[in-house]
Amino acid sequence: MIEFVCINCGERYPENTKEYRCKCGGLFDLKFESHFPVADIEQRPNNMWRYREALPIESDRSIVTMSEGYTPLIEEKICGKNVFIKMDHLLPTGSYKDRGASLLVSYAREHQVSSLVEDSSGNAGCSIAAYSARAGISCEIFVPDH
């Protein structure tokens, strides 16, 4: 079961609500049951959708993907400590926002959303625009003028 829960007052809203925030003004947290079928996951392609049971998408037909995920880690020494750095610039749009954009646009597609609006200073706008185009969903991106 998928539902929205207000982070301020705990009010619950159904998955198909058109509200973008609670009546009290609070923001929503998305609540759903996730599963991790390890044997299935190990057999799937190396992208974020191999974990699809842990993501709030009901139908595989809703998934909007460009094979995002599984970017390499490189190990570097910084200030004397070994640090692993995720190379997310290798994601499809060059943005670390691609995983979230794939999920957001997939969720929008599943709920028959026909148009998206995004305010962005760069990475999110690029990613949302690309995934919206992939899904055939109209999209407007608003950026600051400075």
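Just so we're on the same page, our numbering is the position in the sequence shown counted from 1, plus 25.
Glycine included, every Cβ here is placed at the ideal spot set by N, Cα and C.
Every value quoted in this text rests on a predicted model; they were computed, and no experiment measured them.
Counting only the Cα atoms, T96 lies some 11 angstroms from R124.
The beta carbon of C31 sits closer than 7 angstroms to the beta carbons of C47, C49, G51, F53 from its chain, once the five residues preceding and following it are set aside; these are given in chain order.
Taking the CA atoms as reference points, S139 sits about 37 angstroms from I110.
In this structure, I66 lies near R75, with their beta-carbon atoms less than 7 angstroms apart. The Cβ-Cβ distance between V89 and S127 falls below 7 angstroms. Look at D170 here: in three-state DSSP terms it is coil, with no helix or strand label. Here DSSP, grouped into helix, strand and coil, assigns N41 to coil. Closest by C-alpha distance to P117, out of A155, Y45, N33, V63, is A155. Rounded to whole angstroms, the Cβ separation of E93 and M73 is 6 angstroms, and the two are in contact under 8 angstroms.
The beta carbons of F57 and A79 sit no closer together than 7 angstroms.
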